[in-house]
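Since the structure comes first, as structure tokens, the remarks are kept for the end.
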Amino acid sequence: MAAAMHPWLGEFIQRIDDRRLPPAHAAGGVLSDADLFDLFESQLHSRLLDLQSRLMQAAGQSFYTIGSAGHEGNAAVAKALRVTDPAFLHYRSGAFFIQRAKQAPGSTPLYDMMLSFAASADEPIAGGRHKVLGSLHLNVPPQTSTIASHVPKAMGTAFAIGLSKRLNHQGAWPHDAITVCSFGDASANHSTALGAINSASWAAYQQIPMPLLLVCEDNGLGISTHTPKGWIQQQLSQRPSLKYFFADGSNLAETYLVAREAADYVRQKRKPAVLHLRTVRLFGHAGADAEVAYRSKQEIALDSERDPLLHSCAALISRGLFEHQQLIDFVHQQQQRIARIASQASQQPKLETAEQVMASIVPPVRQDQLPKPIDGEQRTNLFKWDKHNSGKPQHLAKLINLALHDLMAQYQNIVMCGEDIAKKGGVYHVTQHLMEAFGPNRVLNTVLDEQSILGLAIGMAQQGFIAMPEIQFLAYVHNAEDQIRGEAATLSFFSSGQYTNPMVIRIAGLAYQRGFGGHFHNDNSFAVFRDIPGIILLCPSNGRDGALLMRQAVELAAREQRVVIMLEPIALYMTRDLHQEGDGGWLHEYPSPQEVTPALGEPFTHGDGEDLAIISYGNGYYLSRQAEAKLAQQGHKVRVLDLRCLVPLHVDKIIDALGSCKKILIVDECRRRGSLSEELFTALHETKPGLFTVSRLNAEDSFIPLGKAAYSVLPSTEQIIAQAQRLLEANS
Numbered sequence: 001m002a003a004a005m006h007p008w009l010g011e012f013i014q015r016i017d018d019r020r021l022p023p024a025h026a027a028g029g030v031l032s033d034a035d036l037f038d039l040f041e042s043q044l045h046s047r048l049l050d051l052q053s054r055l056m057q058a059a060g061q062s063f064y065t066i067g068s069a070g071h072e073g074n075a076a077v078a079k080a081l082r083v084t085d086p087a088f089l090h091y092r093s094g095a096f097f098i099q100r101a102k103q104a105p106g107s108t109p110l111y112d113m114m115l116s117f118a119a120s121a122d123e124p125i126a127g128g129r130h131k132v133l134g135s136l137h138l139n140v141p142p143q144t145s146t147i148a149s150h151v152p153k154a155m156g157t158a159f160a161i162g163l164s165k166r167l168n169h170q171g172a173w174p175h176d177a178i179t180v181c182s183f184g185d186a187s188a189n190h191s192t193a194l195g196a197i198n199s200a201s202w203a204a205y206q207q208i209p210m211p212l213l214l215v216c217e218d219n220g221l222g223i224s225t226h227t228p229k230g231w232i233q234q235q236l237s238q239r240p241s242l243k244y245f246f247a248d249g250s251n252l253a254e255t256y257l258v259a260r261e262a263a264d265y266v267r268q269k270r271k272p273a274v275l276h277l278r279t280v281r282l283f284g285h286a287g288a289d290a291e292v293a294y295r296s297k298q299e300i301a302l303d304s305e306r307d308p309l310l311h312s313c314a315a316l317i318s319r320g321l322f323e324h325q326q327l328i329d330f331v332h333q334q335q336q337r338i339a340r341i342a343s344q345a346s347q348q349p350k351l352e353t354a355e356q357v358m359a360s361i362v363p364p365v366r367q368d369q370l371p372k373p374i375d376g377e378q379r380t381n382l383f384k385w386d387k388h389n390s391g392k393p394q395h396l397a398k399l400i401n402l403a404l405h406d407l408m409a410q411y412q413n414i415v416m417c418g419e420d421i422a423k424k425g426g427v428y429h430v431t432q433h434l435m436e437a438f439g440p441n442r443v444l445n446t447v448l449d450e451q452s453i454l455g456l457a458i459g460m461a462q463q464g465f466i467a468m469p470e471i472q473f474l475a476y477v478h479n480a481e482d483q484i485r486g487e488a489a490t491l492s493f494f495s496s497g498q499y500t501n502p503m504v505i506r507i508a509g510l511a512y513q514r515g516f517g518g519h520f521h522n523d524n525s526f527a528v529f530r531d532i533p534g535i536i537l538l539c540p541s542n543g544r545d546g547a548l549l550m551r552q553a554v555e556l557a558a559r560e561q562r563v564v565i566m567l568e569p570i571a572l573y574m575t576r577d578l579h580q581e582g583d584g585g586w587l588h589e590y591p592s593p594q595e596v597t598p599a600l601g602e603p604f605t606h607g608d609g610e611d612l613a614i615i616s617y618g619n620g621y622y623l624s625r626q627a628e629a630k631l632a633q634q635g636h637k638v639r640v641l642d643l644r645c646l647v648p649l650h651v652d653k654i655i656d657a658l659g660s661c662k663k664i665l666i667v668d669e670c671r672r673r674g675s676l677s678e679e680l681f682t683a684l685h686e687t688k689p690g691l692f693t694v695s696r697l698n699a700e701d702s703f704i705p706l707g708k709a710a711y712s713v714l715p716s717t718e719q720i721i722a723q724a725q726r727l728l729e730a731n732s
């Protein structure tokens, strides 16, 4: 029984039969007969998969129909590259993926892609979690469909390949690899793409290796918005240190020739290039998109004449590789083959439980032996610059700095990157002396672009480094949060744990900076991180925990391949005293590198009082310690918990630390709405219904102003004491 045929395919076959093909492009001896057929086969398979997906969607068997129709010339780009070149692909790169799979014997791209269309749990990369183009053995990390969000990490990967060679590091990709990143013309206007392209040019301008091939597949449309004629060429051809190439995607020979020239340039020069590939979009943006609502019938008809498959058919026939009927028969055969694959794929198991869906949010634990901390003369030499402070209690910024020295010596694959972190040592000197100790290839100053900083970190992490980017202020991360939310945190989920991003993102933040900087340097909201599955957020309040938690963060990145955020309270960086000036109550000795780090999620408990427990973190914990001392003078027995791990909350460990306390005050320096206290309040009641009497003290739902006015919207020691007294005096 013949499989159902999409109407377009019937029209396509009729055009071949009627000899209504466009004039054949001159091949110029670029492609052999075998190469031409090889590329056409990949193009045809990609088109047939698109058509089959639409038939499957009509039958309720396929769920995502953005296809590659009209972009199949990118098969020739794949042929010009090596399978060891990491490829960050646009969602219209089906033909590229099929062609690349031919370089890896035993690959089954048609079946794999069909499993993806059908959202089957057997799909080998995402396991049915999304329709993605991805493969570990083909070096195609899966991408989300967020516009241009993959470009920064492609830039980061290209940089990391060059960095690997300089550091003699053996990563996922060889030292002579180049990175390819494809995107559409509409994406070329997105700030994410523009920032990444600018960063690539910025690096190359300084002769820093940046083997990146950007492929802009220009079909002239962004859903329904037209790209101005000539805009892409004007935008991409005049950037410093970025070489421009152009090819007509309907001409396989030209596309292959130009792609090979571009790839050779990038590989030999280790400089970035852009291949501007003119394409055409057929069948609308996606399955539900009716082009006639925003395009004239004449315009649609003109584009259909530029169909790359028609031009490839003309080339095959002009060379005598097929007679018209032979070509029709071949198309029929392949259509039946695709239909059989679809029938089989649609019957394969689907994800059915939350546990199955969530299984890859957290990557699998590595069994690799972690390196041991350095000691002896090597360590003495490392800290020679600071021997006058040896053994003396220090503040938070200093102890984090010492921990970073130890960690970078222990883990040779840690690379730090960020604004001003190198010679200057960071705005708060947390990274001082690190560049002198470990060199400019491991402590990198970057452009002032948070999207590029985080993209750089993702690229380095995928190349086997433990990336440690710094975001200078918490408010600045909002410029780039999708690189964490949409890219770093989702990679394990969408690759079934095969690709990971081991990194520690250091962010200076929170409030109480004596009014300095207002909201943009005194931000007290990290709500953006609290609903991202899989990430870990640590927050030290003091130097001892700063060192221990930094070690824990790196171990989590190394052993569990986790994305860890280290939120460092700026106001406590240099804090020395606790109760009165000169008491040194907030200085701590540096914990030995051999000291065991706390269990993840285990709060630190000060005191063992049973009248009241105060739960806090960061600046709130510091203020709560002041309040506890004054409450003790009044005869109240109070214990204070420092959460330390803010995401995820380990409620069982928190309840254990509460002991027999039934009255709980949560002190949260972040805003009442959307703060951690909401989650903790709810969790305590849900876990132990009716057991606790809980009260919250939060910052006001306000941005932070300048000067002393900042303290009018933040919790104070006096407010903590007053609310604690009300709670203590209330009847249980």
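First residue of the sequence shown? That's 1 in UniProt numbering, and the numbers climb one at a time after it. Yeah, the Cβ is synthetic: ideal placement off N, Cα and C, and Gly gets one too.
Nearest to Asn501 by C-alpha distance, out of Lys424, Leu491 and Arg100, is Leu491. DSSP, reduced to helix, strand and coil, places Ile720 within a helical segment of the structure shown.
The region 203-216 and the region 246-256 do not touch, with fewer than 3 CB-CB distances between them shorter than 8 Å. In the assembly as shown, Lys271 is a buried residue. Its beta-carbon has 16 or more other beta-carbons within 10 Å. Pairwise C-beta distances place the region 329-343 in contact with the region 41-59, as three or more of them are shorter than 8 Å. Per DSSP, the continuous alpha helix (DSSP H) segment holding Lys398 begins and ends at Leu396 to Gln410. Here Asn389 carries a helix assignment [DSSP, helix/strand/coil]. Cβ neighbours of His6 within its own chain (closer than 7 Å, five residues either side excluded): Leu51, Arg54 and Leu55.
Sixteen is the threshold: when 16 or more other Cβ atoms of the shown chains lie within 10 Å of the Cβ of Val280, as they do, the residue is buried. Per the C-alpha coordinates, the member of Pro469, Ser93 and Gln61 positioned closest to Ala76 is Ser93. By DSSP's assignment, Gly418 forms a beta bridge with Asn445 and Glu470. Around Ala489, the same chain offers Ile532, Gly534, Ile535 and Val563 as residues with beta carbons nearer than 6 Å, after the five sequence neighbours per side are excluded. For the beta strand (DSSP E) assignment, the uninterrupted runs of no fewer than 3 residues enclosed by the region 266-315 are, from N- to C-terminal side, 273-278. Pairing Ile505 with Ile484 gives a Cβ-Cβ distance under 8 Å.
Under DSSP, Lys350 forms a beta bridge with Ser120. With respect to Thr431, Asn401 sits close: the two C-beta atoms are nearer than 8 Å. Our two residues, Ala253 and Pro109, have alpha carbons roughly 24 Å apart in a direct line. Comparing alpha carbon positions, the residue from Arg306, Arg644, Gly156 and Tyr64 closest to Ala457 is Gly156. By the Cβ-count criterion, Asn251 is buried, with 16 or more other Cβ atoms from all chains shown falling within 10 Å of its own Cβ. Here Ala709 is exposed. Its C-beta has fewer than 16 other C-beta atoms within 10 Å. Sequence-distant partners of Ala339 (beyond 5 residues in either direction) whose C-beta falls short of 8 Å from its own C-beta, in its chain, are Ala3, Ala4 and Gln52. Cβ-Cβ distances below 8 Å link Lys688 to Ile655 in the same chain, with the five nearest sequence neighbours on each side left out; the list follows chain order. The region 224-241 makes no contact with the region 474-483; the number of CB pairs closer than 8 Å stays below 3.
Per DSSP, the unbroken alpha helix (DSSP H) holding Asn74 starts and ends at Asn74 to Lys79.
Under DSSP, Cys216 shares a beta bridge with Phe183 and His276.
Across the set Asn219, Asn168, Ser616 and Tyr499, the C-alpha of Asn219 shows the shortest separation from the C-alpha of Ala188.
Met114 counts as buried, since no fewer than 16 other beta carbons sit within 10 angstroms of its beta carbon.
When rounded, the separation of the alpha-carbon atoms in Gln633 and Ser624 is 14 Å. Contact between Ala262 and Thr225 fails: their C-beta atoms lie close to 27 Å from each other, not under 8 Å. CA-CA distance, Arg442 to Asp386, rounds to 21 Å. By the criterion of a C-beta distance shorter than 6 Å, Ala461 is surrounded in its chain by Ala467, Asn501, Pro502 and Met503, once the five residues flanking it on both sides are discounted. A distance below 8 Å between beta-carbons, with the five flanking residues on each side excluded, links Thr597 to the following residues of its chain, in chain order: Leu548, Leu549, Arg551, Gln552 and Glu555. By the 16-neighbour rule on beta-carbons within 10 angstroms, Arg514 is exposed. In chain order, Ser492, Gly497, Thr500 and Gln561 place their CB closer than 6 Å to the CB of Pro363, counting only its own chain and leaving out the 5 sequence neighbours on each side.
Going by DSSP, Tyr205 is part of the alpha helix (DSSP H) stretching over Ser191 to Tyr205. The region 419-431 makes no contact with the region 164-182: fewer than 3 CB pairs, one atom from each, lie closer than 8 Å.
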